[in-house]
Amino acid sequence: MNEFQQLSLAIKLDNQATFDNFYAPTGTPQHLAKMLLQDEGKQYAYVCGSSGTGLSHLMQAVCQQHSTGLNNGAAVYLPLKELCDYPAGQVLEGLESSDLVCLDDLDQVAGREEWQAPLFNFFNRCSESGTRLLITAHTLPDYLEVLLDDLLSRLKSGISLQLMDYKDADLRRLLQHRASGLGLYLSDEVARFLLHRLPRNSHLLMDALEKLDAVSLREQRRLTLPFVKTVLGI
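Just so we're aligned, residue 1 is where the sequence shown starts under UniProt numbering, counting upward by one.
See the structure below:
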């Protein structure tokens with residue numbers, strides 16, 4: 001077993017990254033993306049957005065839905081940010097035999113010459129085998145630094161959806177939604193305090209919430225404002 005194969009086996013999905021845990025208010029791009037990705041009849045889709053809009057969460061949620069659903073088929077999640085320095089041929093080899101492949105953070109490899117042909121060929125193999133291919137990036141295909149025109153054409157060949165940044169009110173509800181899933185009560189006062197004192201980035205906010213969850217469980221404390229200030233040091 002080579003080094004990449006060992007790493008790929010170590011990639012684990014976040015158990016909290018499910019569709020049930022994904023905050024997607026009706027009418028938002030996040031809601032549209034959730035409905036799109038839950039539809040297994042869509043063979044190819046491209047979803048983009050800035051950091052913290054839920055891209056990685058959605059990709060992992062699709063994989064978990066597929067692996068535990070009626071199909072119970074093979075689903076592969078590849079965080080390209082972690083894999084971009086491995087040979088493209090090794091990373092993509094044979095994955096078209098899976099039912100579903102999710103390539104997360106395509107930006108990490110889109111401008112690398114050594115990834116152009118392998119990505120293009122992989123795209124074609126997925127199309128021929130009927131493998132569902134889902135891709136995320138932080139920008140629309142036309143703005144990626146893709147060097148191969150044929151690859152760019154493939155990336156633009158299906159549905160593309162761009163997620164918008166969460167507004168403050170949505171971030172507050174997102175925090176409370178995730179807290180409820182953890183069995184915590186997060187008041188409006190504490191939620192607003194977190195948004196005021198922490199970066200408005202869903203990844204960092206969820207990290208803070210998970211820290212609060214761990215300490216509150218250990219100390220059997222509620223999420224009061226003094227407790228939150230002490231635990232997070234803010």
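Beta carbons: idealized from backbone N, C-alpha and C, even for Gly.
Predicted, not measured: the structure shown is a model, and the values here were computed from it.
Let me check one thing: in DSSP terms, what residues is residue i bridge-paired to?
i: Leu-161; result: Val-47
With DSSP as the reference, label residue i as helix, strand or coil.
i: Pro-79; result: strand
i: Lys-42; result: coil
i: Phe-19; result: coil
i: residue 242; result: This structure leaves residue 242 out entirely; the chain is present only between 1 and 234.
i: Thr-53; result: coil
i: residue 252; result: Coverage of the chain is limited to positions 1 through 234, which leaves residue 252 absent and any answer about it impossible.
i: Leu-13; result: coil
i: Ala-74; result: coil
i: Ala-33; result: helix
i: residue 239; result: The question about residue 239 has no answer, for the chain in this structure spans 1 to 234.
Here's the rule: buried if 16 or more other CB atoms are within 10 angstroms of the residue's CB, otherwise exposed. What is residue i?
i: Thr-131; result: buried
i: Tyr-23; result: buried
i: Asp-142; result: exposed
i: Arg-218; result: exposed
i: Ala-61; result: buried
i: Ser-97; result: exposed
i: Pro-226; result: exposed
i: Tyr-46; result: buried
i: Ala-169; result: exposed
i: Gly-27; result: exposed
Please report how far the alpha carbon of residue i lies from the alpha carbon of residue j, in whole angstroms.
i: Asp-188; j: Asp-99; result: 42 Å
i: Tyr-166; j: Arg-192; result: 14 Å
i: Thr-53; j: Leu-92; result: 26 Å
i: Met-59; j: Leu-198; result: 25 Å
i: Glu-40; j: Asn-201; result: 29 Å
i: Gly-111; j: Leu-151; result: 11 Å
i: Trp-115; j: Asp-105; result: 14 Å
i: Ser-56; j: Thr-136; result: 8 Å
i: Phe-122; j: Ala-75; result: 16 Å
i: Lys-34; j: His-196; result: 28 Å
i: Gly-181; j: Gln-90; result: 38 Å
i: Asn-2; j: Arg-154; result: Residue placement at Asn-2 is poorly supported in this model, since its pLDDT is 49, which falls under 50; the coordinates are not used for a value here.
i: Cys-102; j: Asp-149; result: 22 Å
Using a Cβ-Cβ distance cut-off of 8 Å, determine whether residue i contacts chain D.
i: Glu-145; result: Going by chain labels, chain D is absent from the structure shown, which holds only one protein chain.
* Output the residue ranges of the alpha helix (DSSP H) runs that lie fully inside the segment 97-144 and measure 4 residues or longer, sorted by chain position. => 107-110, 113-129
* To do: Entirely within the segment 145-221 and at least 3 residues each: give me those beta strand (DSSP E) ranges in chain order.
  => 159-162
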